[in-house]
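Report on the following structure.
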Amino acid sequence: MLGLSRKDFLTLLFVLLLVAAAPIFLNPFPEGSKFAQFNAGYPDLMQRFVIFGIFAIGYNILFGLTGYLSFGHAAFLGAGSYAGVWMLKLLTINVIPAILVSTLVAGIFSLLIGYISLRRSGIYFSILTLAFAQMSFALAASVLTPITGGETGLQTALNDPRILDGASVGGNIPAPSLFGLQMGYSWKVAVGDWLWTFNVGYYLCAFVLLIAFYISIRIFRSPFGMMLKAVKSNNQRLSYTGISPRPYTLAAFVISGMYAGLAGGLMVSMDPLAGAERMQWTASGEVVLMTILGGVGTLIGPVLGAGLIKYFENIFSKINENLLEQWFAFMPEGLGDFIVTIIYPFVGKGWHLTLGLMFMLVVIFMPGGLIGGLSGIYKRVFRRRSTAQ
Amino acid sequence: MGALEVRGVNKRFGGLQALNDVNLTVEEGRIHAIIGPNGAGKSTLLNCFVGRLTPDSGTVMFHGKSLLGRQPHQINQAGVSRVFQTPEIFADLTVLENVMIPALAHRDGIFEFNAFKPMRHETDIHKRAHDVLEDLGMADKTDMVAASMSRGDKRRLEMAMGLVQEPKLLLLDEPTAGMSRADTNNTIEVLRHIGDSRGITMIIIEHDMHVVFSLADRISVLAQGTVIVEDAPENIKGNVKVQEAYLGGAH
Ligand SMILES: Nc1ncnc2c1ncn2[C@@H]1O[C@H](COP(=O)(O)OP(=O)(O)OP(=O)(O)O)[C@@H](O)[C@H]1O
Ligand SMILES: [Mg+2]
Chain A
1 MLGLSRKDFL TLLFVLLLVA AAPIFLNPFP EGSKFAQFNA GYPDLMQRFV
51 IFGIFAIGYN ILFGLTGYLS FGHAAFLGAG SYAGVWMLKL LTINVIPAIL
101 VSTLVAGIFS LLIGYISLRR SGIYFSILTL AFAQMSFALA ASVLTPITGG
151 ETGLQTALND PRILDGASVG GNIPAPSLFG LQMGYSWKVA VGDWLWTFNV
201 GYYLCAFVLL IAFYISIRIF RSPFGMMLKA VKSNNQRLSY TGISPRPYTL
251 AAFVISGMYA GLAGGLMVSM DPLAGAERMQ WTASGEVVLM TILGGVGTLI
301 GPVLGAGLIK YFENIFSKIN ENLLEQWFAF MPEGLGDFIV TIIYPFVGKG
351 WHLTLGLMFM LVVIFMPGGL IGGLSGIYKR VFRRRSTAQ
Chain B
390 MGALEVRGVN KRFGGLQALN DVNLTVEEGR IHAIIGPNGA GKSTLLNCFV
440 GRLTPDSGTV MFHGKSLLGR QPHQINQAGV SRVFQTPEIF ADLTVLENVM
490 IPALAHRDGI FEFNAFKPMR HETDIHKRAH DVLEDLGMAD KTDMVAASMS
540 RGDKRRLEMA MGLVQEPKLL LLDEPTAGMS RADTNNTIEV LRHIGDSRGI
590 TMIIIEHDMH VVFSLADRIS VLAQGTVIVE DAPENIKGNV KVQEAYLGGA
640 H
């Protein structure tokens, strides 16, 4: 089906269901209930889940398959964002050109940086990508201000030319749309005490994620993908086998750069604002964490990792001291306070601490990330059962 | 003129003259054995053929074209495959994948952006890899992860990786080291069969004299970086110089 094996097709189907039903299952708590603040099913956040999922899927094609650890992929996301906003300003408020052009621009940019960085491997490659990304960040924030808007960032404005549809707009800055359907438009459906929000922008992002995921499966299962795995396994041997590893790694680098650009293009299609901080090394590091946490070299791991980290960043981080005290109020005075004192550093603003711990545990005890760990458990249980029979 | 012509090759590592004016002619379609004590420079010589090392001086001509100064992948594409002394395999991949990669390299060249065709649909490549593994008695191990195999099996796997490319020249660096007697005999059979049926030229380095005398059409004896004798197998056994080299060497 669709050129996929049965197992891969089911994986794709699973992701389809996951993203299609996300607005429902990410809002498990009734509106106004005690736990409502743990609902993650609002458009902003769901868009971010999916966009960073795309970013991580692409990053995994480079890091997961070839083992080349890039610390500079945020530069491509940033470049894609700027390109996207420029399309929204110059061409049309329709998001299609913005998304396509940001992918293309990031592709060209990554060809350039990849060509130079891939002259080295291992840690030197990582340092080169980091250096390029930091240079891009510095340039975007200073010298390139006319193109990037410097520190304030680049955004759509009232006097934008918009060659294709500029005339049709009245007194407001138009919102990005897909042939007139605004990205910010949502249908709200209330079922009992629950409230579900179905947002146009989210479903566009989800649709793009499915395509991105499908392409990634095809790459993983292709001869090209097998060569990339061989690069990771034994680069030397590959050249004695008649293969030149460099063009393979460069192709993987450019593909992952284009995924990053695509993510950037979607970001500005949801919210037409691009800033230099998007290129900073912390943003590059984040996608590395997502990929490792979910499972390097697994198909679905990066999507999971992206979702998890974004959930932590946005939801887990909101737990504050008041809330903790409410939760533990049922306990005897001293004990409750004691527990709150212990837990407090790990929640709210301390979410990085919990994430860090979780990351360490995964790296030490689950070398294959969450997906690797889960499939390991599954296999063990399954095998035990089949030998018992 | 031979398939491989080596003239006046020298290689020095610091103070050690690893190869000293080596001359070698390998006739097309023949199996040429290189023997000699440990540290004689046998592997170093092969390294000079596949682009791992560049000799300080001398020439290496393969069917009239120089192999020196070319990239390893270009040399392989020219028809030279090698089995390494310490197994060089794709340890994380399966046995079948290990053999399909060189098969793809043989068909598609140094780079091919074949990113959408599922590997499952490469039936030709699958069949060729299976056939070679079958020949080497590894048909039951295709789905094993290469890293988990015994040293002898890794050897056989590497041989399959070389043979699937249908090379013009196959370089074998101690192909039977670490193999059981039975597997060694099987390997001898396979190599002899391939030598006879496909006419692949082979250079084989071996310490196991049973293997050498079963296969070789011609033997060169290397000691301290120099070819001291080159002759037909029947003349090597009784040669005084050869016995001296082994007795005076590391053995
Ligand atoms: N890359 C290198 N750098 C320095 N010295 C080297 C290098 N490669 C080989 N040598 C040295 O050159 C000499 C010849 O080594 P080589 O591996 O060619 O021997 P060999 O004949 O293959 O021996 P064996 O039968 O043990 O495999 C040895 O003394 C070895 O230590
Ligand atoms: Mg050797």
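Going down the list, the protein sequences come from chains A and B.
To convert, note that position 128 of the first sequence is 128 in my numbering; the numbers rise steadily by one, no gaps.
Every number in my numbering is 389 more than the matching position in the second sequence, counting from 1.
Beta carbons: idealized from backbone N, C-alpha and C, even for Gly.
Quick caveat: nothing in here was measured; it's all calculated off a predicted structure.
If I'm right that alanine 485 of chain B touches alanine 230 of chain A with Cβ under 8 Å, what's the distance once you round it to whole angstroms? By one-based count along the second sequence, residue 485 of chain B stands at place 96. By one-based count along the first sequence, residue 230 of chain A stands at place 230. Note that residue 485 of chain B corresponds to leucine in the displayed sequence, not to alanine. The C-beta distance from leucine 485 of chain B to alanine 230 of chain A rounds to 13 Å, too long to fall under 8 Å, and the pair is not in contact.
From B:Pro426, B:Leu442, B:Glu619, B:Ala494, residue whose alpha carbon lies closest to that of isoleucine 243 of chain A: In the first sequence, the residue the question calls residue 243 of chain A occupies position 243. Isoleucine 243 of chain A has its Cα closest to that of B:Ala494, out of B:Pro426, B:Leu442, B:Glu619, B:Ala494.
Near ligand 2, which residues have their beta-carbon less than 7 Å from any of its heavy atoms, given in chain order? Listed along the chain, these residues meet the criterion: B:Lys431, B:Ser432, B:Gln474, B:Asp562, B:Glu563, B:Ile594.
One question on the structure: do glycine 275 of chain A and methionine 290 of chain A come within less than 9 Å of each other, judged by their Cβ atoms? Within the first sequence, the letter at position 275 stands for residue 275 of chain A. Within the first sequence, the letter at position 290 stands for residue 290 of chain A. Taking 9 Å as the cut-off, the Cβ atoms of glycine 275 of chain A and methionine 290 of chain A do not count as close.
Three-way DSSP call (helix, strand, coil) for glutamine 406 of chain B in this model: By one-based count along the second sequence, residue 406 of chain B stands at place 17. Shown here, glutamine 406 of chain B sits in a strand according to DSSP, grouped into three states.
Shorter than 9 Å from the beta carbon of aspartate 572 of chain B to some beta carbon of chain C? Checking the listed chains, one finds no chain C in this structure; the protein chains it contains are A and B.
Check distances from the C-beta atoms of the region 485–513 of chain B to those of chain A and list, in chain order, the residues that come in under 9 Å. The residues in question are Glu486, Asn487, Met489, Ile490, Pro491, Leu493, Ala494, His495, Asp497, Gly498, Ile499, Phe500, Glu501, Phe502, Asn503, Ala504, Phe505, Lys506, Pro507, Met508, Arg509, His510, Glu511.
Distance, tryptophan 194 of chain A Cα to alanine 74 of chain A Cα: Walking along the first sequence from the start, residue 74 of chain A turns up at place 74. Walking along the first sequence from the start, residue 194 of chain A turns up at place 194. Taken atom to atom, the span from the alpha-carbon of alanine 74 of chain A to that of tryptophan 194 of chain A is near 37 Å.
State buried or exposed for arginine 237 of chain A, treating a residue as buried only when at least 16 other CB atoms are found within 10 Å of its CB. Within the first sequence, residue 237 of chain A is the residue found at index 237, counting from 1. Arginine 237 of chain A counts as buried, since at least 16 other C-beta atoms from the protein chains shown sit within 10 angstroms of its C-beta.
Taking Cβ-Cβ distances below 9 Å as the criterion, which residues of the region 228–259 of chain A are in contact with chain B? Against chain B - using a Cβ distance shorter than 9 Å - the residues of the region 228–259 of chain A are Lys229, Ala230, Lys232, Ser233, Asn234, Gln236, Arg237, Leu238, Ser239, Tyr240, Thr241, Gly242, Ile243, Ser244, Pro245, Arg246, Pro247, Tyr248, Ala251, Ile255.
Best match in A:Leu62, A:Ala22, A:Ile364 for proximity to alanine 206 of chain A [C-alpha to C-alpha]: By 1-based counting over the first sequence, the position of residue 206 of chain A is 206. The candidate whose alpha carbon is nearest that of alanine 206 of chain A is A:Ala22.
Helix, strand or coil for aspartate 445 of chain B? Go by DSSP, reduced to three states. The residue you call residue 445 of chain B lines up with position 56 of the second sequence. The answer is coil: DSSP assigns aspartate 445 of chain B none of H, G, I, E or B.
What whole-angstrom Cβ distance do glutamine 37 of chain A and lysine 349 of chain A have, given they're in contact under 8 Å? Along the first sequence, one-based indexing puts residue 37 of chain A at 37. Along the first sequence, one-based indexing puts residue 349 of chain A at 349. In fact, because the Cβ distance is near 16 Å, the residues do not count as touching under 8 Å.
With a 10 Å radius around its C-beta and 16 neighbouring C-beta atoms as the bar for buried, classify leucine 158 of chain A as buried or exposed. Indexing the first sequence from 1 puts residue 158 of chain A at position 158. So leucine 158 of chain A ends up on the exposed side.
Mind checking glutamate 321 of chain A: buried by the 16 CB within 10 Å criterion, or exposed? Position 321 of the first sequence, counted from the first residue, corresponds to residue 321 of chain A. When all chains shown are included, glutamate 321 of chain A counts as exposed.
Using beta carbons (cut-off 9 Å, strictly below), is histidine 462 of chain B in contact with chain A? Reading the second sequence from its first residue, position 73 is the one you call residue 462 of chain B. Judged by the 9 Å Cβ criterion, histidine 462 of chain B is in contact with chain A.
Option nearest threonine 197 of chain A by Cα separation, candidates A:Asn27, A:Leu374, A:Gly369, A:Asn314: The sequence position of residue 197 of chain A within the first sequence is 197, counting from 1. If we check each option's Cα against that of threonine 197 of chain A, A:Asn27 comes out closest.
Does the Cβ of phenylalanine 402 of chain B lie closer than 8 Å to at least one heavy atom of ligand 1? Stepping through the second sequence from its first residue, residue 402 of chain B is reached at position 13. For ligand 1, a non-hydrogen atom lies closer than 8 Å to the CB of phenylalanine 402 of chain B.
Kindly indicate if chain B contains any beta-carbon less than 9 Å away from that of isoleucine 219 of chain A. To locate residue 219 of chain A, count along the first sequence from 1; it is residue 219. At a cut-off of 9 Å, the C-beta of isoleucine 219 of chain A has a neighbouring C-beta in chain B.
Report yes if the C-beta distance between lysine 626 of chain B and isoleucine 617 of chain B is below 9 Å; otherwise report no. As a working note, residue 626 of chain B is residue 237 in the second sequence. As a working note, residue 617 of chain B is residue 228 in the second sequence. No.
Check whether chain B comes within 9 Å of methionine 226 of chain A, counting only Cβ atoms and requiring the distance to be less than that. By 1-based counting over the first sequence, the position of residue 226 of chain A is 226. Chain B has a Cβ within less than 9 Å of the Cβ of methionine 226 of chain A.
What does serine 222 of chain A touch in chain B if you count any residue whose Cβ is under 7 Å from its own? Counting from one through the first sequence, the residue named residue 222 of chain A turns up at place 222. Within chain B, the residues near serine 222 of chain A are Asn503, Ala504, Phe505, Lys506, Pro507, Met508.
Rounded C-beta distance between glycine 78 of chain A and arginine 278 of chain A? I'm assuming under 8 Å. Along the first sequence, read from residue 1 onward, the residue named residue 78 of chain A stands at position 78. Along the first sequence, read from residue 1 onward, the residue named residue 278 of chain A stands at position 278. Their Cβ separation, rounded to whole angstroms, is 4 Å, which keeps glycine 78 of chain A and arginine 278 of chain A in contact under 8 Å.
Let me check you understand the geometry: is the CB of leucine 128 of chain A closer than 8 Å to at least one non-hydrogen atom of ligand 1? To locate residue 128 of chain A, count along the first sequence from 1; it is residue 128. Result no, Cβ not under 8 Å from ligand 1.
Taking CB distances under 9 Å as the criterion, tell me whether glutamate 477 of chain B reaches chain A. The residue you call residue 477 of chain B lines up with position 88 of the second sequence. It does; some Cβ of chain A falls within 9 Å.
Would you say alanine 372 of chain B touches ligand 1, meaning its beta carbon is less than 8 Å from a heavy atom? Summary: the structure shown does not reach residue 372 of chain B, with chain B confined to residues 390 through 640, and so no result is reported for it.
Give the straight-line distance between the Cα atoms of serine 537 of chain B and glycine 567 of chain B, rounded to the nearest whole angstrom. For the purposes of this step, residue 537 of chain B is taken as the residue at position 148 of the second sequence. For the purposes of this step, residue 567 of chain B is taken as the residue at position 178 of the second sequence. Their Cα atoms are separated by approximately 15 Å.
Using beta-carbon positions only, say whether proline 507 of chain B and glycine 64 of chain A come within less than 9 Å of one another. Locating residue 507 of chain B in the second sequence gives position 118, where the first residue counts as 1. Locating residue 64 of chain A in the first sequence gives position 64, where the first residue counts as 1. It is not a contact, given that the beta carbons lie outside the stated cut-off.
Could you tell me whether any non-hydrogen atom of ligand 1 is closer than 8 Å to the CB of alanine 429 of chain B? The residue you call residue 429 of chain B lines up with position 40 of the second sequence. At a threshold of 8 Å, alanine 429 of chain B counts as near ligand 1, since its beta carbon sits closer than that to one of the ligand's heavy atoms.
Bounding residues of the alpha helix (DSSP H) (the contiguous stretch that carries asparagine 503 of chain B): Within the second sequence, the letter at position 114 stands for residue 503 of chain B. From DSSP, asparagine 503 of chain B is part of no alpha helix (DSSP H); its letter is neither H nor E.
To the nearest angstrom, how far is the alpha carbon of leucine 210 of chain A from that of valine 101 of chain A? For this step, residue 210 of chain A is matched to residue 210 along the first sequence. For this step, residue 101 of chain A is matched to residue 101 along the first sequence. The straight-line gap from Cα to Cα measures roughly 19 Å.
Kindly confirm or deny that the region 265–273 of chain A and the region 518–536 of chain B touch, where touching means at least three C-beta pairs closer than 8 Å. Here the region 265–273 of chain A makes no contact with the region 518–536 of chain B; the two share fewer than three CB pairs at distances below 8 Å.
Per DSSP, cross-strand counterpart(s) of threonine 354 of chain A: As a first step, residue 354 of chain A must be located in the first sequence, where it is residue number 354. Partner(s): none; threonine 354 of chain A has no beta bridge.
Kindly list, in the order they appear in chain B, the residues whose Cβ is closer than 9 Å to that of glycine 3 of chain A. Locating residue 3 of chain A in the first sequence gives position 3, counting from the first residue. Contact note: glycine 3 of chain A reaches chain B through Phe505, Lys506, Pro507, His510, using a C-beta cutoff of 9 Å and chain order.
So the candidates are A:Met331, A:Thr92, A:Tyr42; which of them puts its Cα closest to the Cα of valine 189 of chain A? Taking the first residue of the first sequence as 1, we reach residue 189 of chain A at position 189. Closest by alpha carbon: A:Tyr42.
Note down, in chain order, each residue of its chain lying with its Cβ closer than 6 Å to the Cβ of glycine 53 of chain A, except the 5 sequence neighbours on either side. As a working mapping, residue 53 of chain A is identified with position 53 in the first sequence. So the qualifying residues of the chain are Leu209, Val303, Ala306.
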